[in-house]
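Sequential numbering of the sequence shown, starting at 1, is according to full-length UniProt numbering. Structure, as structure tokens:
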Amino acid sequence: MEQLIYFGVFCLLVLALCIVRPNAGRIFLGIFFLIMATAVNVVLVLVAPEQFVALGTQGAIVPSYKWSFEHIVIVAPALFGLLTAAYEIAVGLLLLSHGKYVKWGLIGGIAFLIGITPLGIYTLANPIMALAMAYLLTKNFEKSLAEIVRSATRPRPRSARATTSATITDRTSSEGADPHGWN
Numbered sequence: 001m002e003q004l005i006y007f008g009v010f011c012l013l014v015l016a017l018c019i020v021r022p023n024a025g026r027i028f029l030g031i032f033f034l035i036m037a038t039a040v041n042v043v044l045v046l047v048a049p050e051q052f053v054a055l056g057t058q059g060a061i062v063p064s065y066k067w068s069f070e071h072i073v074i075v076a077p078a079l080f081g082l083l084t085a086a087y088e089i090a091v092g093l094l095l096l097s098h099g100k101y102v103k104w105g106l107i108g109g110i111a112f113l114i115g116i117t118p119l120g121i122y123t124l125a126n127p128i129m130a131l132a133m134a135y136l137l138t139k140n141f142e143k144s145l146a147e148i149v150r151s152a153t154r155p156r157p158r159s160a161r162a163t164t165s166a167t168i169t170d171r172t173s174s175e176g177a178d179p180h181g182w183n
């Protein structure tokens with residue numbers, strides 16, 4: 001139960017971030033999905049693939065989930081884990097993209113979160129994060145994370161700096177302030 005409370009608070013913070021700073025929320029969720037795919041699912045496949053069976057049998061809220069893990073996932077838990085990780089990676093990369101690809105990532109993320117909610121009590125806060133992603137569906141994201149980083153780190157051309165400097169000087173002198181910055 002304690003794990004659910006912590007995760008619930010985390011999901012509420014993600015929801016708040018998505019409402020206040022939608023682009024930052026989208027980027028956070030994209031990175032979150034990539035981390036969960038690689039640091040949790042891929043590592044679990046490498047270390048203890050049988051834990052994928054335990055994830056669905058030791059606390060499943062919906063009986064059909066328990067049955068499918070006991071009869072389907074048990075046949076190839078490593079494959080199931082890798083497919084889950086691949087799906088999460090796809091969602092994460094789509095979220096870090098732009099335009100309609102972000103929308104597809106949001107839809108995929110919502111489906112994933114709602115789909116795994118019945119796995120146990122620890123996933124009952126997933127709908128809060130899905131709500132955050134549903135809110136992001138109302139926004140447009142024209143730049144990918146790569147484009148945002150590139151534009152933030154790209155030096156401005158010299159002529160743009162000179163133009164900006166001249167504009168500031170013109171503005172200050174026209175406002176009656178000292179154009180040389182002595183005041």
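Note that the Cβ used here is the ideal one computed from N, Cα and C, for glycine as well.
Own chain partners of residue i with C-beta closer than 7 angstroms, once the 5 adjacent residues on each side are dropped
{"i": "Val-102", "result": "Arg-26, Leu-94, Leu-95, Phe-141"}
{"i": "Gly-8", "result": "Ala-125, Ile-128"}
{"i": "Cys-18", "result": "Gly-25, Ala-132, Tyr-135, Leu-136"}
{"i": "Leu-12", "result": "Ile-128"}
{"i": "Phe-33", "result": "Glu-88, Val-91, Gly-92, Leu-95, Gly-109"}
Same chain only: Cβ atoms within 6 angstroms of residue i, ignoring 5 sequence neighbours per side
{"i": "Ala-78", "result": "Val-45, Pro-49"}
{"i": "Gly-109", "result": "Val-91, Met-133"}
{"i": "Ser-97", "result": "Ser-144"}
{"i": "Ala-85", "result": "Ala-37, Asn-41, Val-42"}
{"i": "Val-14", "result": "Met-129, Ala-132"}
{"i": "Gly-30", "result": "Gly-92, Leu-95, Leu-96"}
{"i": "Phe-69", "result": "Val-53, Gly-56, Thr-57"}
{"i": "Tyr-122", "result": "Gln-3, Leu-4"}
{"i": "Leu-113", "result": "Asn-126, Met-129, Ala-130"}
Rounded C-alpha distance that separates residue i from residue j
{"i": "Ser-64", "j": "Tyr-87", "result": "22 angstroms"}
{"i": "Phe-80", "j": "Ile-74", "result": "9 angstroms"}
{"i": "Trp-182", "j": "Val-149", "result": "Residue placement at Trp-182 is poorly supported in this model, since its pLDDT is 30, which falls under 50; the coordinates still yield a value, given next. Each residue's alpha carbon lies about 36 angstroms from the other."}
{"i": "Lys-139", "j": "Pro-22", "result": "8 angstroms"}
{"i": "Gln-51", "j": "Gln-3", "result": "18 angstroms"}
{"i": "Leu-55", "j": "Ile-5", "result": "19 angstroms"}
{"i": "Ala-111", "j": "Ser-151", "result": "32 angstroms"}
{"i": "Ala-16", "j": "Met-1", "result": "23 angstroms"}
{"i": "Ile-61", "j": "Arg-154", "result": "50 angstroms"}
{"i": "Arg-158", "j": "Thr-117", "result": "54 angstroms"}
{"i": "Ala-146", "j": "Gly-115", "result": "30 angstroms"}
Where the alpha helix (DSSP H) through residue i begins and ends
{"i": "Ser-64", "result": "63-71"}
{"i": "Met-1", "result": "Looking at the DSSP string, Met-1 is not in any alpha helix (DSSP H), and its letter there is neither H nor E."}
{"i": "Asn-23", "result": "22-35"}
{"i": "Pro-153", "result": "Checking the displayed sequence, the identity of residue 153 turns out to be Thr instead of Pro. 145-153 is the extent of the alpha helix (DSSP H) around Thr-153."}
{"i": "Pro-118", "result": "Pro-118 -> no alpha helix (DSSP H), and no H or E assigned at all."}
{"i": "Gln-51", "result": "51-57"}
{"i": "Phe-80", "result": "77-95"}
{"i": "Leu-136", "result": "126-136"}
{"i": "Val-45", "result": "43-47"}
Residues near residue i in its chain [Cβ-Cβ closer than 8 angstroms; skip 5 each side]
{"i": "Ile-168", "result": "At Ile-168 the pLDDT is 49, less than 50, meaning the model places this residue with poor confidence; the figure from the coordinates comes in the next sentence. Answer for Ile-168: no residue qualifies."}
{"i": "Phe-10", "result": "Ala-125"}
{"i": "Lys-66", "result": "Gly-56, Thr-57, Ala-60"}
{"i": "Leu-119", "result": "Leu-55, Gly-56, Gly-59, Ala-60, Ile-61, Tyr-65"}
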